[in-house]
Amino acid sequence: MSQKLILVKYIMEDGIPVDETSENLGSAYLPDELHEAILHKGFYSEINIKETQGAEPEISVIALENLDEVINQLEAEIFELIKVAHIHTGGEVHIRTEIERDLRKLSDALKVREICKVKCDEYADRPDILVILG
Amino acid sequence: MSKNSEKGRKGELAVCAIFSNIGTHERNIEVIRDNKTCTPERGVDLVVFCPHNTSNKLDEIAEKGDSEIGLSNTEISVRVQVKNFSGAIGKATMEEFVEDSKKNPQFAEHWGVGGLRLTKGAKEVLENANKNVPTKWYTADSITKIQAQYPERPFVNLNDETPK
């Protein structure tokens, strides 16, 4: 399944995000291992947002929390991926499919980190901008 | 919303089985999976090769419960993305589904599957995308109607009837 992390900006009504006003600021495919880690460690909260302005908050959204911890986890994963890629490129024989897989995993993890970093560094105090699973 | 990757795996396998089963009733429908379910597939969970008017027939089944539309002999390839969400599909998720369509222009149509319903914002995004390239979404209710129209055939009886 192609699960994504999406950085979303909402217009708020009474402090609650409104779905129809959402604007995607960025996204990244979420590797399954990272998805599992985020869920297993509870780095998320399930919140209800409004479908339209004036509606009751009934649309369930999974928003990431503890982003500093998520980034720490991601960076540990990225360093492991670099080690694996180094092993795969350190010898005389380079297997193209292995290298391709290493680079793709690294690219995915870096993009996920970037989404989390943008929220942490630029929008930490913005409750209208969330990182959600989608 | 899917907060369980095991749900995602099951959803993708189930949709693969449902479309494969349609292929036991109708001619010229093939389902391809390129990766394990745990691999981010750039929005391509399944590829379905099928007659070009298949989604018209599925739309009619989803709306009315059945369809008399005959399938054509012209084959197209379709990107299928599965979201095994237990709630509504929101606008942000639909925007990403449509973005993935742009990244995969080799497909003639794009079908999303999952969720109990679409939010108003998600419906608007889908309608706009559908103006450019056939882009459909089948919710759990639509899939239930499609499954009722194409019941699973016991393996021992597969050869009893010629596919439609």
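Protein chains in written order, with my numbering: chain A, 1 to 134; chain B, 1001 to 1164. We put the beta carbon where it would ideally sit given N, CA and C, even for glycine.
The Cβ atoms of B:Val1098 and B:Val1125 sit closer than 7 Å to each other. Under the three-state reduction of DSSP, B:Gln1106 is assigned to coil, being neither helix nor strand.
The C-beta of A:Val8 comes closer than 7 Å to at least one C-beta of chain B.
Taking 7 Å as the threshold, the shortest C-beta distance from B:Glu1096 to chain A falls below it. Rounded to the nearest angstrom, the gap between the Cα atoms of B:Pro1105 and B:Phe1049 is 15 Å. Rounded to the nearest angstrom, the Cβ distance from B:Cys1016 to B:Arg1033 is 6 Å, consistent with a contact under 8 Å.
Counting the other CB atoms within 10 Å of its CB gives B:Lys1091 a total of 16 or more, which places it among the buried residues.
Not flagged as an interface residue toward chain B: A:Gly26, since no C-beta distance is shorter than 7 Å. Between A:Ile49 and A:Val61, the CB-CB gap stays under 7 Å. Nearest to A:Ser22 by C-alpha distance, out of A:Leu81, A:Glu51 and A:Ala85, is A:Glu51. Neighbours of B:Arg1042 in chain A, taken as residues at a C-beta separation under 9 Å, are given in chain order as Ser2 and Tyr29. Excluding sequence positions up to five before and after A:Tyr44, its CB lies within less than 8 Å of the CB of Ile38, Ile62, Ala63, Leu64, Glu65 and Leu133, all in the same chain and listed in chain order. In this chain, B:Leu1158 is not harboured by any beta strand (DSSP E), its DSSP state being neither H nor E.
The Cβ atoms of B:Gly1115 and B:Ala1088 lie closer than 7 Å to each other. One alpha carbon belongs to B:Asp1100, the other to B:Glu1109, and they sit about 12 Å apart. For a cut-off of 8 Å, the C-beta gap from B:Ser1072 to B:Pro1051 is around 5 Å, short enough to register as a contact.
Beyond the five residues adjoining it in sequence on each side, A:Glu33 comes within less than 8 Å, by CB distance, of Glu77 in the same chain, given in chain order.
The way I'd put it, the stretch 1136–1143 of chain B does touch the stretch 1052–1070 of chain B; three or more beta-carbon pairs between them come closer than 8 Å. A Cβ-Cβ separation of about 5 Å places B:Lys1136 in contact with B:Ser1055 under the 8 Å criterion. At the C-beta level, A:Glu98 and A:His88 come within 7 Å of one another.
Apart from the 5 residues on each side of it in sequence, B:Val1082 sits with its Cβ closer than 6 Å to the Cβ of Gly1011, Glu1012, Val1015, Asp1045, Val1113 and Gly1114 in its chain, given in chain order. Looking only at A:Gly90, A:Ser2, A:Glu122 and A:Lys117, the smallest Cα-Cα distance to A:Val70 is reached by A:Lys117.
About 5 Å separates the CB atoms of A:Leu5 and A:Ile115; that is less than 8 Å, so the two are in contact.
By the C-beta density criterion, A:Asp19 is buried, having at least 16 other C-beta atoms within 10 angstroms.
Arg1042, Gly1043, Val1044 and Asp1045: these are the residues of the stretch 1042–1072 of chain B whose beta carbon lies less than 8 Å from some beta carbon of chain A, given in chain order.
Around the beta-carbon of A:Arg113, 16 or more other beta-carbon atoms lie within 10 Å, marking it buried. What B:Lys1091 touches in chain A, judged by beta-carbon distance under 8 Å, is Asp19, Glu20 and Ser22, going in chain order.
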